[in-house]
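Undergrad: If you scroll down you'll find the structure; I have some questions about it.
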Amino acid sequence: MKHRIKDLFYKHLAQTSDTPLAIEVERAEDIYFFDKNGKKYLDLIAGIAVCNMGHSHPEIIHAVKKQLDKYMHLMVYGELIQQPQVELAEMICSFLPESLNSVFFVNSGSEAVDGALKLAKRYTERKELIYFEKAYHGSTHGALSMAGNDTYKNAFQPLLPDTKTIRFGIEEDLLQITEKTAAIIVELVQGEAGVRIASAAYWQKLKKKCEETKTLLIADEIQTGMGRTGKLFAFEHYHITPDILLLGKAFGGGMPLGAFIADKKIMNVLTHNPVLGHITTFGGHPVCCAAALAHFKLITEPKMWKNAELSGEKLERILWNIPFVKEIRRIGLMMAVDFCDTQTNFHTLKYLLEKGVFSDWFLWCDSALRIAPPLILDEEHLNDIDSRISAK
Ligand code: PMP
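Below, the structure written as structure tokens:
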């Protein structure tokens, strides 16, 4: 009887690996969650870059409850005027460059990627799509076609045709972008590759090449957006504007929500020939939009991304105290603590979990700890992390 729920978890839930953590969660608040036995875990990954305002934020919960009392799902996306969607779209656009003024709501990051790829092909009337080595953009067929990892992809071939990969941060590869290219999809900081950062000069050259060849630049900010890197959006670090911006993860304030955002003149091609060329039943669900709006207000007043930079620097100093760390790659509160050795990383993860510090590794970089805590990290949290890590 005692382990009934665990048995049922293994019996009835499809498993993504043979080694799930299988911690039975009771509740979560602030930067902590608690298991059934009352053990308190300090969450250093925020549901993988999702819960930027921490867990169970009362204002987000209040917004969800308020919307639940009004209406939940009414009609497929795009037909009825639903206030949470409209308010959220207006709010987000007010923080974006003028050319990013039309928001298409979907349910997840992968769906935002798929929608953007369709949009780019349709708008440019070209077929070729370019992505980076070690890129990760999601697990649907379209998004997986843009993954820069052949081992991961090969089992699922055939994927999208007319795709090409180039090396991240290498200027000479930009010559691969030509008049045949519909779009290049980029993570401005590569997440699953283990936090890989390129220079502003590189991004500006890439943008110039896109302009010269009329190739659309799709910025996947599903992981880097919403203040994670020390700016509201990572493209602000590099002084470039993408043609299509992708949001997901933290965007929904803990609820499932994604979006692709572009200029109305680009977005309009999905409206005609064929009409209803891209549709979704649940995209922009009103309860998710209400949560996202509350979350957006919380991260913009005050500017939480400033704390991401401040606390990020302090946290990095603490994390250097973990034995055998060889390198830390960091931008804001997005960090890879690299041991340059997989076994050491896995031992450290286990050791940290015993101390109640919850972290993870990266899909394409299993020698490094993933660090992406909520952006609300303060001195008290930092002291707690420090004492847990150094406790014998
Ligand atoms: N793009 C990036 C950069 C991501 O990190 C992820 C998720 N890790 C995705 C897309 C896919 O998002 P989702 O899991 O919501 O489909």
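Quick note on numbering: our numbering labels position 276 of the sequence shown as 283, and the sequence is numbered without any gaps. We treat Cβ as the ideally placed atom computed from N, Cα and C, and that holds for glycine.
1) Using 8 Å for Cβ pairs, my map puts Gly265 next to Leu382. What's the rounded Cβ distance?
2) Ligand 3 and Gly54: does any heavy atom of the ligand fall closer than 8 Å to the residue's C-beta?
3) How many angstroms separate the CA atom of Gly149 from the CA atom of Val193?
4) Within 8 Å, do at least three Cβ pairs link the segment 372 to 379 to the segment 162 to 169?
5) Within 10 angstroms of the Cβ of Asn114, are there 16 or more other Cβ atoms? Answer buried if so, exposed if not.
6) Can you find a heavy atom of ligand 1 that lies under 8 Å from the Cβ of Lys125?
7) Tell whether a beta-carbon distance below 9 Å holds between Ala190 and Thr131.
8) What whole-angstrom Cβ distance do Asn352 and Trp368 have, given they're in contact under 8 Å?
9) May I ask you to check if the CB of Thr248 is nearer than 8 Å to at least one heavy atom of ligand 1?
10) Taking buried to mean at least 16 other C-beta atoms within 10 Å of its own C-beta, is Glu409 buried or exposed?
11) Relative to the alpha-carbon of Leu322, which residue among Arg395, Pro65, Gly284 has its alpha-carbon at the smallest distance?
12) Alpha carbon to alpha carbon, how far is Leu15 from Ile335?
13) Of all the options Leu239, Lys214, Gln350, which has the alpha carbon lying nearest to the alpha carbon of Thr307?
14) Just to confirm, is the Cβ distance from Leu124 to Thr248 under 9 Å?
15) List the whole-angstrom C-beta distance separating Val120 from Ile268, where the pair is believed to meet the contact cut-off of C-beta under 8 Å.
16) Which residues mark the beginning and the end of the beta strand (DSSP E) in which Tyr39 is found?
17) Quick one: what's got a C-beta closer than 8 Å to Ile67's C-beta in the same chain, skipping five residues either side?
18) Should Lys214 and Glu178 be called a contact, given that it needs their Cβ atoms to be closer than 9 Å?
19) What does a CB cutoff of less than 8 Å around Ser397 pick up in its chain, not counting 5 residues either side in sequence?
20) Output the residue ranges of the alpha helix (DSSP H) runs that lie fully inside the segment 180 to 225 and measure 4 residues or longer, sorted by chain position.
21) Which runs of the beta strand (DSSP E) fall wholly inside the segment 371 to 395 and span at least 3 residues, in chain order?
TA: Straight from the coordinates:
1) On the sequence shown, residue 265 is found 258 positions in, with the first residue counted as 1. On the sequence shown, residue 382 is found 375 positions in, with the first residue counted as 1. About 20 Å; that fails the 8 Å criterion.
2) Absent from the structure shown: ligand 3. Ligands present: ligand 1.
3) Here residue 149 refers to the residue found at position 142 of the sequence shown. Here residue 193 refers to the residue found at position 186 of the sequence shown. Their backbone Cα atoms lie some 15 Å apart in a straight line.
4) no
5) In the sequence shown, residue 114 corresponds to position 107, counting from 1. Buried, by the Cβ-count rule.
6) Along the sequence shown, one-based indexing puts residue 125 at 118. No - ligand 1 has no heavy atom lying nearer than 8 Å to the Cβ of Lys125.
7) Indexing the sequence shown from 1 puts residue 190 at position 183. Indexing the sequence shown from 1 puts residue 131 at position 124. Yes, Cβ-Cβ distance for Ala190 and Thr131 is below 9 Å.
8) Within the sequence shown, numbered from 1, the residue matching residue 352 stands at position 345. Within the sequence shown, numbered from 1, the residue matching residue 368 stands at position 361. A Cβ-Cβ separation of about 6 Å places Asn352 in contact with Trp368 under the 8 Å criterion.
9) Counting from 1 along the sequence shown, the entry for residue 248 is found at position 241. Not so, every heavy atom of ligand 1 lies at least 8 Å from the Cβ.
10) The question about residue 409 has no answer, for the chain in this structure spans 8 to 399.
11) The count along the sequence shown starts at 1 and reaches residue 322 at position 315. The residue with the shortest Cα to Cα distance from Leu322 is Arg395.
12) One-based indexing of the sequence shown puts residue 15 at position 8. One-based indexing of the sequence shown puts residue 335 at position 328. Leu15 and Ile335: Cα-Cα distance of roughly 39 Å.
13) Numbered from its first residue, the sequence shown carries residue 307 at position 300. Check the Cα spacing between Thr307 and each of Leu239, Lys214, Gln350: the tightest is with Leu239.
14) Against the sequence shown, residue 124 aligns to sequence position 117. Against the sequence shown, residue 248 aligns to sequence position 241. No, the Cβ-Cβ distance between Leu124 and Thr248 is not below 9 Å.
15) Numbered from 1 along the sequence shown, position 113 holds the residue referred to as residue 120. Numbered from 1 along the sequence shown, position 261 holds the residue referred to as residue 268. 13 Å between Cβ atoms; not a contact.
16) Position 32 of the sequence shown holds residue 39. 39 to 42 is the extent of the beta strand (DSSP E) around Tyr39.
17) Within the sequence shown, the letter at position 60 stands for residue 67. These residues qualify, in order along the chain: Met60, Gly260, Gly261, Ala298, Ala301, His302, Leu305.
18) What you label residue 214 is simply residue 207 of the sequence shown in a count that begins at 1. What you label residue 178 is simply residue 171 of the sequence shown in a count that begins at 1. No, they are not a contact pair.
19) Against the sequence shown, residue 397 aligns to sequence position 390. Cβ within range, chain order: Asn328.
20) 207 to 220
21) 372 to 378
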